[in-house]
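Colleague:
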Amino acid sequence: MTLTNLTLLRRAVQLLAFVFLVYGAAVMGVYAADKLSGALPSLACAYDEKGADYCALIPLQHQVGHGLGRAMDSGNWLMFFLPILTTLGTFLLMFVVLNKAFCGWICPLGFFQEVVHLIGQKLGLRNVNRLSDSWVDKLRPVKWLMLGVLVFGLPALSSLGFVSKELGDPFCKICPSRIMTTLVSGTNEQLYVDTASYPYMALSVIGDFLFGLMVAMALTLRQPFCRICPLLAMHALFRKLGMARLVKQGSARCDKCGLCAQACPMDIRELQTDFNDTDKPQDITLADCTLCGRCVEFCPDKDVLQIRYLNLPLFSADPQYFKQRNKAQKSWDKISITDLTVRPVTKAAKPGKGGSA
Amino acid sequence: MKLLRTCWPVLLALYLPAAQAQLIWQPVAAASDAHRGHGGHGKRPAGKPFQLQGEMSGQPEIVLYQPDLSSQPLILAGNQVSVRSTGVNNYHALVARQTTATTESVAIRYVYLNGKPSGHSPSELLAQPLSRLEIVPAPLPREHRRYESRKSYRFEVRFDQQLMPQQPIMFSTQAGTRLDLLTDDNGILALVLPEDFAEIKKGRRNNRPLEWQLTTYIRDQGVLFNTSLSAPYHPSPANWQRYGLGLAVAILGFGVGLGVNRRLPVQSRRKAK
Chain C
7 MTLTNLTLLR RAVQLLAFVF LVYGAAVMGV YAADKLSGAL PSLACAYDEK
57 GADYCALIPL QHQVGHGLGR AMDSGNWLMF FLPILTTLGT FLLMFVVLNK
107 AFCGWICPLG FFQEVVHLIG QKLGLRNVNR LSDSWVDKLR PVKWLMLGVL
157 VFGLPALSSL GFVSKELGDP FCKICPSRIM TTLVSGTNEQ LYVDTASYPY
207 MALSVIGDFL FGLMVAMALT LRQPFCRICP LLAMHALFRK LGMARLVKQG
257 SARCDKCGLC AQACPMDIRE LQTDFNDTDK PQDITLADCT LCGRCVEFCP
307 DKDVLQIRYL NLPLFSADPQ YFKQRNKAQK SWDKISITDL TVRPVTKAAK
357 PGKGGSA
Chain F
1083 MKLLRTCWPV LLALYLPAAQ AQLIWQPVAA ASDAHRGHGG HGKRPAGKPF
1133 QLQGEMSGQP EIVLYQPDLS SQPLILAGNQ VSVRSTGVNN YHALVARQTT
1183 ATTESVAIRY VYLNGKPSGH SPSELLAQPL SRLEIVPAPL PREHRRYESR
1233 KSYRFEVRFD QQLMPQQPIM FSTQAGTRLD LLTDDNGILA LVLPEDFAEI
1283 KKGRRNNRPL EWQLTTYIRD QGVLFNTSLS APYHPSPANW QRYGLGLAVA
1333 ILGFGVGLGV NRRLPVQSRR KAK
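So the sequences go chain by chain: C and F. Quick note: the working numbering has the first sequence finishing at residue 363, numbered continuously throughout. Quick note: the working numbering has the second sequence finishing at residue 1355, numbered continuously throughout.
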């Protein structure tokens, strides 16, 4: 059987993963002990009681936030490291199977942003499609800051008493997945401003604001939050251990093409610029890659880009596939519910001035 | 009011028919550290002390059930027992049972203890029969959650593992709320915990929990069975979390996002032909 549209397959997998991860408690059970792993490499949320699993970042923050000070006091470092290693071990057990595809294929927040973007496009909102290289370069370090400061730094400082206890799990307090997953599971209890203390108030305001910002930006820009997600950074740390890889054996034609980088929702320009004169395929699963496979889909040259599993080609660039996929994409792009950017013609409006925003 | 808060289990026991000899687990006030947030992380106490209140004729049998359903006997010192860590994480069931020729009195309390992951779900513990007549949370608050005022909770009343429809139950709280309730036709009690705290401060850590309890009894073949379930509850976070304001901030973020969108230039990696 020939695969005619990888994106459709991916959307189906994302939808199933979304339903399972957001509503799966009906199958798995409501307690944390019932969950699939408790250290999922995707932003499913522990605050969503109806979910089937939750991401690794909440236990990591808690283990650092509660354990470091205790270990310093007692000198029992095993008590500190053992839970963290257990969480990381569980995370890695799953991560090696799918690698960064946990972002592109499984993450509920990633899927949510893709759906919002799809809605935005079908409503006729402008499609920014990609950020400038300078903006991409500015944004790339943010995910590392999020991981370093919010997941490990502040919880560690909180545990040692340098900052208040309210900063024990700061990433969860601002994570848009907490608000999104609880809203779609039918409760608004996570969309609040906390007036209990200034740190809680600040975190809740940032979280709410970030959620609204993410939704609005996703209408126009692909994957806005994914670009600064600390899980993406954590994936980047371990990506060499994953069995799934994106590989490239480029040619001089790649310099002039750029369709792969244009297709990439994370604006990874290195897809076009790196490994253009190599003798053998090179691993190009870069830090920002989500293994969504769009670059492979839109590469017109045979086997230049491939998704490999255990070094066996799983999906390869192919001119025939490219033609079909490109045609399908153009047909899909023509479908529009409405064009919100078209302003109604008024008497004052001059002809030809009613275009997009 | 202070007298009521101190003596309420005794008053409750007097309120019930004397023959019931109701037993009720209560935390020992000074060591009740559940209000410190997160169920007792931080420096670990030697154990969680509880006292068994009610009329005792002899020494009741005290058993602590672990998440893996293994059990260990505990000894009452006076009317108190200290529940020490079993080394495993999650809910444990503290059960006191006193049996005479004509009565069986049981007090049950689900206690969260920290430790290594047990690998067992609290649903296993809840499915385990702890006495012939029991009130079973359906479900318990999830790990890291707690009973809160204004929220609805469900309980099953089982006798010999059969759900008991239209079973009278008495609900009472440390703050003086007292309700006579009935299970529905399926043997389920749905209950919204009252917000009867005398004073609510902003922030979960700034409020001490109060106690609630459910009691019921049934007579079967000349034996009076009675059971109690007790647990702490906390003020609803809705007292200091503003949901309307949260929505307003999200809308503000949405508006700013739309503004940013308008300023983002459309880029292309493809050279224009």
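Every residue gets a Cβ at the ideal spot worked out from N, C-alpha and C, and that includes glycine.
Closer than 8 Å, Cβ to any Cβ of chain F: which residues of the stretch 208-221 of chain C, in chain order?
Modeller: Listed by position along the chain: Ser210, Val211, Asp214, Phe215, Leu216, Phe217, Gly218, Leu219, Met220 and Val221.
Colleague: Distance cutoff 7 Å, beta carbons only. Does Ser1152(F) sit that close to anything in chain C?
Modeller: Counted from its first residue, the second sequence places residue 1152(F) at position 70. No - not a single Cβ of chain C is within 7 Å of the one on Ser1152(F).
Colleague: Starting from Cys61(C), follow its DSSP beta bridges and name the residues at the other end.
Modeller: As a first step, residue 61(C) is located in the first sequence; it is residue number 55 there, counting from the start. Paired residue(s): Leu46(C).
Colleague: With a threshold of 7 Å between beta-carbons, can Ala50(C) be considered close to chain F, or not?
Modeller: Working through the first sequence from its first residue, we reach residue 50(C) at position 44. It does not; no Cβ of chain F falls within 7 Å.
Colleague: Tyr1315(F) by DSSP, collapsed to three states: which one?
Modeller: On the second sequence, residue 1315(F) is found 233 positions in, with the first residue counted as 1. Looking at Tyr1315(F) - three-state DSSP - the assignment turns out to be strand.
Colleague: Could you tell me which whole alpha helix (DSSP H) segments of length 4 or greater appear in the stretch 303-351 of chain C?
Modeller: For the stretch 303-351 of chain C, whole alpha helix (DSSP H) runs of length 4 or above, ordered along the chain, are 325-340.
Colleague: Taking only three categories from DSSP, how would you classify Gly1121(F)?
Modeller: The residue labelled residue 1121(F) in the question sits at position 39 within the second sequence. The predicted position of Gly1121(F) is uncertain, since its pLDDT is 42 and thus under 50; no value can be drawn from it.
Colleague: Contact criterion: CB-CB distance below 7 Å. Does Gln1323(F) meet it with respect to chain C?
Modeller: Position 241 of the second sequence, counted from the first residue, corresponds to residue 1323(F). With 7 Å as the cut-off, Gln1323(F) counts as an interface residue toward chain C.
Colleague: I'd like the list of long-range same chain contacts for Ser170(C), defined as Cβ closer than 6 Å, with 5 residues on each side in sequence excluded.
Modeller: As a position in the first sequence, residue 170(C) is number 164, starting the count at 1. Once the five neighbours on either side are set aside, the close Cβ partners of Ser170(C) are Pro205.
Colleague: Cβ closer than 9 Å: which chain F residues qualify as neighbours of Val148(C)?
Modeller: As a working mapping, residue 148(C) is identified with position 142 in the first sequence. Here the premise fails: no neighbours, minimum Cβ distance about 15 Å.
Colleague: Expressed to the nearest angstrom, what Euclidean distance is found between the alpha-carbon atoms of Asn1288(F) and Ser1318(F)?
Modeller: For the purposes of this step, residue 1288(F) is identified with residue 206 of the second sequence, where counting begins at 1. For the purposes of this step, residue 1318(F) is identified with residue 236 of the second sequence, where counting begins at 1. Going by the C-alpha atoms only, they are around 12 Å apart.
Colleague: Measuring straight from C-alpha to C-alpha, what distance separates Gly192(C) and Leu1212(F)?
Modeller: As a working mapping, residue 192(C) is identified with position 186 in the first sequence. As a working mapping, residue 1212(F) is identified with position 130 in the second sequence. Approximately 34 Å, taken between the alpha carbons.
Colleague: Let me confirm a value: Gln1295(F) is counted as buried when at least 16 other C-beta atoms fall within 10 Å, else exposed. Which label applies?
Modeller: By 1-based counting over the second sequence, the position of residue 1295(F) is 213. Buried, since its Cβ has 16 or more Cβ neighbours within 10 Å.
Colleague: Would you check if there are 3 or more beta carbon pairs closer than 8 Å linking the stretch 251-261 of chain C to the stretch 171-179 of chain C?
Modeller: The stretch 251-261 of chain C is not in contact with the stretch 171-179 of chain C.
Colleague: Taking the alpha-carbon positions, what's the Phe117(C) to Arg17(C) distance?
Modeller: Within the first sequence, numbered from 1, the residue matching residue 117(C) stands at position 111. Within the first sequence, numbered from 1, the residue matching residue 17(C) stands at position 11. Spanning the two alpha carbons is a distance of roughly 8 Å.
Colleague: With Phe101(C) as the anchor, note down where its alpha helix (DSSP H) starts and where it stops.
Modeller: By 1-based counting over the first sequence, the position of residue 101(C) is 95. Run containing Phe101(C): Trp83 to Leu104, per the alpha helix (DSSP H) assignment.
Colleague: Would you mind giving the Cβ-Cβ distance between Gln330(C) and Thr10(C), rounded to the nearest angstrom? I have them listed as a contact below 8 Å.
Modeller: Indexing the first sequence from 1 puts residue 330(C) at position 324. Indexing the first sequence from 1 puts residue 10(C) at position 4. Confirmed, about 6 Å.
Colleague: Could you name each continuous beta strand (DSSP E) segment of 3 residues or more that falls completely within the stretch 1225-1311 of chain F, going from the start of the chain to the end?
Modeller: With a minimum length of 3 residues, the continuous beta strand (DSSP E) runs that stay inside the stretch 1225-1311 of chain F are 1234-1241, 1250-1255, 1260-1264, 1270-1274 and 1292-1302.
Colleague: Put Glu1206(F) into one of helix, strand or coil per three-state DSSP.
Modeller: The residue you call residue 1206(F) lines up with position 124 of the second sequence. Glu1206(F): helix per DSSP, three-state reduction.
Colleague: Which chain C residues sit within Cβ distance under 8 Å of Glu1225(F)?
Modeller: Taking the second sequence and counting its residues from 1, the one referred to as residue 1225(F) is at position 143. The contacting residues are Tyr37, Ala38 and Ala39.
Colleague: In or out: Arg337(C) buried (at least 16 other Cβ within 10 Å) or exposed?
Modeller: Within the first sequence, numbered from 1, the residue matching residue 337(C) stands at position 331. Sequence inspection shows Ser at residue 337(C); the Arg mentioned does not correspond to that position. Exposed is the call here.
Colleague: Run through DSSP, which three-state label would Lys128(C) get?
Modeller: Looking up residue 128(C) in the first sequence gives position 122. In this structure, Lys128(C) counts as helix in the three-state DSSP scheme.
Colleague: Might you give, ordered along the chain, the residues of its own chain that have their beta carbon closer than 8 Å to the beta carbon of Phe215(C), omitting 5 neighbours on each side?
Modeller: By 1-based counting over the first sequence, the position of residue 215(C) is 209. Excluding positions up to five away in sequence, the list is empty.
Colleague: With DSSP collapsed to three states, give me the class of Phe1132(F).
Modeller: Start at 1 with the first residue of the second sequence, and residue 1132(F) comes out as number 50. In this structure, Phe1132(F) counts as strand in the three-state DSSP scheme.
Colleague: Below 7 Å between beta carbons: does that hold for Gly299(C) and Leu12(C)?
Modeller: The residue you call residue 299(C) lines up with position 293 of the first sequence. The residue you call residue 12(C) lines up with position 6 of the first sequence. It is a contact, given that the beta carbons lie within the stated cut-off.
Colleague: In whole angstroms, what is the alpha-carbon distance linking Leu1371(F) and Val1218(F)?
Modeller: The structure shown does not extend to residue 1371(F), since chain F is modelled only from 1083 to 1355, so the question has no answer here.
Colleague: Does Leu1346(F) come within less than 7 Å of chain C when only Cβ atoms are used?
Modeller: As a working note, residue 1346(F) is residue 264 in the second sequence. For Leu1346(F), the answer is yes, since a Cβ of chain C falls inside 7 Å of its Cβ.
Colleague: Between the stretch 229-247 of chain C and the stretch 139-155 of chain C, can you find at least three pairs of beta-carbon atoms closer than 8 Å?
Modeller: With the cut-off at 8 Å, the stretch 139-155 of chain C and the stretch 229-247 of chain C touch.
Colleague: Just to confirm the assignment, what range does the beta strand (DSSP E) spanning Thr1185(F) have?
Modeller: Stepping through the second sequence from its first residue, residue 1185(F) is reached at position 103. Taken as a continuous stretch (DSSP letters only), the beta strand (DSSP E) holding Thr1185(F) covers Thr1185 to Leu1195.
Colleague: Which residues, in order along the stretch 1191-1207 of chain F, keep a beta-carbon less than 8 Å from a beta-carbon of chain C?
Modeller: Result list: Pro1199, Ser1200, Gly1201, His1202, Ser1203, Pro1204 and Ser1205.
Colleague: On the DSSP bridge assignment, give the partners of Val169(C) in chain order.
Modeller: Counted from its first residue, the first sequence places residue 169(C) at position 163. DSSP output for Val169(C) lists no bridge partner at all.
Colleague: Tell me which residues of the stretch 190-210 of chain C have at least one Cβ-Cβ distance to chain F shorter than 9 Å, keeping chain order.
Modeller: Cβ contacts with chain F come from Asn194, Glu195, Gln196, Leu197, Tyr198, Val199, Asp200, Thr201, Ala202, Ser203, Tyr206 and Ser210.
Colleague: Classify Lys106(C): buried if its beta carbon has 16 or more other beta carbons within 10 angstroms, exposed otherwise.
Modeller: Position 100 of the first sequence, counting from 1, holds the residue named residue 106(C). Its Cβ being crowded by 16 or more others within 10 Å, Lys106(C) is buried.
Colleague: Kindly give me the distance between the Cβ atoms of Cys61(C) and Leu46(C), rounded to whole angstroms, as I take these residues to be in contact under 8 Å.
Modeller: Here residue 61(C) is taken as the residue at index 55 of the first sequence, counted from 1. Here residue 46(C) is taken as the residue at index 40 of the first sequence, counted from 1. Indeed they touch by this definition, with Cβ atoms about 5 Å apart.
Colleague: Pro161(C) and Gly71(C): beta carbons closer than 7 Å?
Modeller: By 1-based counting over the first sequence, the position of residue 161(C) is 155. By 1-based counting over the first sequence, the position of residue 71(C) is 65. Yes; because the gap between Cβ atoms is below 7 Å, this pair is in contact.
Colleague: Which two residues bound the contiguous beta strand (DSSP E) that contains Tyr1325(F)?
Modeller: Here residue 1325(F) corresponds to residue number 243 of the second sequence, with the count starting at 1. That residue, Tyr1325(F), is in no beta strand (DSSP E); its alpha helix (DSSP H) goes Tyr1325 to Arg1345.
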